[in-house]
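I have placed the structure first, in the form of C-alpha cells, so that the comments after it can refer back to it.
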Amino acid sequence: MNEPKKEKQTLHIVSRSPYQYRDIEQCLDRACDNDAILLTGDAVFALLPTSTIYHHLKNTSIFMCALEPEVAARGLLEQNVPESTINLISDDDFVQLVCEYSRSFTWF
Amino acid sequence: MNIALAIYSPPLSETSLRAIRFAKAALNNGHSIHRVFFYHEGVLHGSHLNTALKGEIPATDEWRNLQQSHGIELIVCIASAIKRGVINEQEANRYGKSTHNLADGYELSGLGQLLESAVSAERIVTFGP
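For the record, the sequence lines run as chains C and E.
To convert, note that position 4 of the first sequence is 3 in numbering that gives the first Met the number 0; the numbers rise steadily by one, no gaps.
To convert, note that position 47 of the second sequence is 46 in numbering that gives the first Met the number 0; the numbers rise steadily by one, no gaps.
So this is what it looks like as C-alpha cells:
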C-alpha cells in the first residue's frame, strides 16, 4: 500500500536579517519536515555562505525558498547558491505556496 | 482561493511593496482577496495625505485601485490609526480635531475584523513590520 502523502502544513515567512535576529534559527528549530520556510527581505542574507546560519540551511530537509526579486535587489544572485540549498521563487510562486500549505506563519 | 492579508508595515517599506506585489499576483492567478487589514504602522497607508515622490510606488493609491477593481475591503485598525493621526470625519468630531485624512476606499474598524478574516478566509498572510 502506498503511504498517504503527507499534508503540507505551515509556510513560515521570515524577513529579518540573520545578522540581527535569530528568527531563522528559531524557525528551523520549530518547523516540521512537511513545512516550508520562505526567506524575504533581509532574511535572504542567510544565503551568504559566510552567514552563521548558512550551514543550517544547507543541511535541513525542510523545503527552503527565497523571493527572487528580493535576493536580486541585494545583489545576491551572484552568490551561486546551489539549487539544492534554496529554491528561488517568484511572486506567483509565493501565492501558490500560500495555497498549497494549510497555513502561513510570519516571524517577527 | 479566498485570501486575506494583514499588513503591519508602513507605505514605501519593502514589506508593504511585497504585499502589493503578492495581492496583484494572487488576483492575476484567479484568487480573490477578501480583505486587507492594516495594523500598527500599516495604518499609515490609510492617509490620503501620503504623496509618493517621483519614481516611488504610491501604496495608498495602489490599494485603492485594487479596492475599486476587485472590491477588496481595506480596513484600517481604528486604535492604531487614531494614535498615528489617521482619522475620518466621525473620529475628528469625537476627538475635536480640525481635519480628517482617511483616504477614499479605506474604512476604520476594530481588531474583530482581523479575527473575522482569520476565520472566514481560506488563507491569511501577515506582512510583518
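Backbone N, C-alpha and C define an ideal beta-carbon position, used for all residues, glycine too.
Note that the coordinates shown come from a computational prediction; the quantities given were computed from them, not determined experimentally.
How is residue i classed by DSSP in three states: helix, strand or coil?
| i | result |
| --- | --- |
| residue 59 of chain E | helix |
| residue 108 of chain E | strand |
| residue 4 of chain E | strand |
| residue 5 of chain C | coil |
| residue 60 of chain C | coil |
| residue 73 of chain C | coil |
| residue 98 of chain C | helix |
| residue 0 of chain C | Note that residue 0 of chain C scores a pLDDT of 48, beneath 50, so its modelled location is shaky and nothing firm can be said. |
| residue 49 of chain C | coil |
| residue 11 of chain E | coil |
Leaving out the 5 sequence neighbours to the left and right, which residues in its chain are closer than 8 Å to residue i when beta-carbon positions are compared?
| i | result |
| --- | --- |
| residue 0 of chain C | Residue confidence is low: residue 0 of chain C scores 48 on pLDDT, short of 50, so the model does not pin down where it sits. No coordinate-derived value is stated. |
| residue 55 of chain C | 23, 24 and 27 |
| residue 123 of chain E | 2, 3, 4, 5, 116 and 117 |
| residue 14 of chain E | 6, 7, 8, 126, 127 and 128 |
| residue 104 of chain C | 9, 10, 11 and 12 |
Below 6 Å CB to CB, which residues in the same chain sit around residue i once its five sequence neighbours on both sides are set aside?
| i | result |
| --- | --- |
| residue 19 of chain E | 61 |
Leaving out the 5 sequence neighbours to the left and right, which residues in its chain are closer than 7 Å to residue i when beta-carbon positions are compared?
| i | result |
| --- | --- |
| residue 128 of chain E | 7, 8, 39 and 40 |
| residue 10 of chain E | 43, 44, 49, 58 and 59 |
| residue 52 of chain C | 17, 23, 24 and 45 |
| residue 105 of chain E | 45, 73 and 75 |
| residue 107 of chain E | 75, 77, 80, 87, 90 and 101 |
Starting from the beta carbon of residue i, find every residue of chain D whose beta carbon is closer than 7 Å, and list them in chain order.
| i | result |
| --- | --- |
| residue 40 of chain C | Absence of chain D from the displayed structure is noted, the protein chains being C and E. |
So who's on the other strand from residue i, going by DSSP bridges?
| i | result |
| --- | --- |
| residue 21 of chain E | Residue 21 of chain E pairs with nothing; no bridge assigned. |
| residue 11 of chain C | C:36 and C:104 |
| residue 88 of chain C | C:66 |
| residue 21 of chain C | According to DSSP, residue 21 of chain C bridges with nothing at all. |
| residue 122 of chain E | E:2 |
| residue 31 of chain E | E:1 |
Residue i: buried (16+ other C-beta within 10 angstroms of its C-beta) or exposed?
| i | result |
| --- | --- |
| residue 93 of chain E | exposed |
| residue 89 of chain E | exposed |
| residue 15 of chain C | buried |
| residue 19 of chain C | exposed |
| residue 33 of chain E | buried |
| residue 67 of chain E | exposed |
| residue 79 of chain E | buried |
| residue 69 of chain C | buried |
Quiz prompt | Every unbroken beta strand (DSSP E) inside the segment 33-107 of chain E [3 residues or more] | solution = 72-76
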